[in-house]
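Data first, discussion second: the structure below is written as structure tokens.
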Amino acid sequence: MIGCKYYNCTKLTSLVIGEKVKEIGEWAFKATKLKEIHIKALAPPTIEHDTFSDYAYSSATLYVPKGSKKVYQNANVWKEFHNIIEE
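Take the sequence shown: its letter number 45 is residue 104 in this note's numbering, and every next letter is one higher.
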């Protein structure tokens, strides 16, 4: 689980989340200016709405593994990302 270590880390603009991460805690990346998030997990980790900032949901690009875009688009909270791209 990733806790709230990066809350208010405004210089954090890019993030890679490993394939074994199953849960990301509330507020973990809330007050950041993330522009891109690369996630390696085929199954979306459990997150809360407050895990990421509203800025991230509307402006960041979420890169997901090939073949998993629909899963993320339909997953609770992950579906709030406006830009989801397979890589």
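Glycine residues also receive a C-beta, built at the ideal position from the N, C-alpha and C atoms.
Return helix, strand or coil for His108, following the three-state DSSP convention.
Note: His108 maps to helix in three-state DSSP.
Near Val130, which residues of its chain fall below 6 Å by C-beta distance, leaving aside the five closest residues on each side in sequence?
Excluding positions up to five away in sequence, the list is empty.
Which residue's Cα is closest to the Cα of Ser118: Ala87, Val75, Ile76 and Ile143?
The shortest C-alpha separation from Ser118 is found at Ile143.
What are the boundary residues of the alpha helix (DSSP H) that Asn133 is part of?
That run of the alpha helix (DSSP H) goes Lys128 to Asn133.
Which residues mark the beginning and the end of the beta strand (DSSP E) in which Glu95 is found?
Start and end: Glu95 to Ile98.
Going by DSSP in three states, Glu145 sits in which element: helix, strand or coil?
Of the three classes helix, strand and coil, the one that applies to Glu145 here is strand, per DSSP.
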